[in-house]
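Residue numbers (the UniProt record's numbering): 1 to 128.
Note that CB positions come from ideal geometry on N, CA and C, so glycine has one too.
The structure presented is a predicted model; accordingly, all values stated were derived computationally and were not measured.
Comments concern the structure below.
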Amino acid sequence: MSAHDDTQHGHDDAHGHDDLGIHATFGGYMTGFVLAVILTIIPFWVVMAKVFEKSSSAAVVILGLAAVQIVVHMIYFLHMNTKSEGGWNMLALVFTIVLVLITLSGSIWIMYHLNDNMMPLMNPANLP
């Protein structure tokens, strides 16, 4: 028998621990927390200091940082990666993102075309 046998210490594959997922550590949680705080402070500063002249530029920066913060939360707090749960978590995430993109783009497309194809408002000056 070897000096370090897993069955000798009570470690076996039956209790569900595998090395495919990310294991939570205090350092990992603190890294995620610090990144989340930074990614919250930056948009707040962008708005309060009026860094951009156009509000659309600020909105793009804020939305971009929000997307980065979603990724930080998924990695550091939800422990999602391509190996967790045999890849099913990532597949479910991709499927959800595709559905959200289809719904949003379809809604925007419909609203845009409804706006273009609506009847013009009746101008009171043209009434008899």
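Here the segment 65-78 makes contact with the segment 25-42; the two share three or more CB pairs at distances below 8 Å. When secondary structure is reduced to three states using DSSP, F26 falls in the helix class. Boundaries for S84: no alpha helix (DSSP H) harbours it, and the DSSP string shows neither H nor E there. Contact between the segment 84-94 and the segment 43-53 is absent: fewer than 3 CB-CB pairs across the two stretches fall below 8 Å. Annotation for V51: no alpha helix (DSSP H) segment contains it, and DSSP assigns it neither H nor E.
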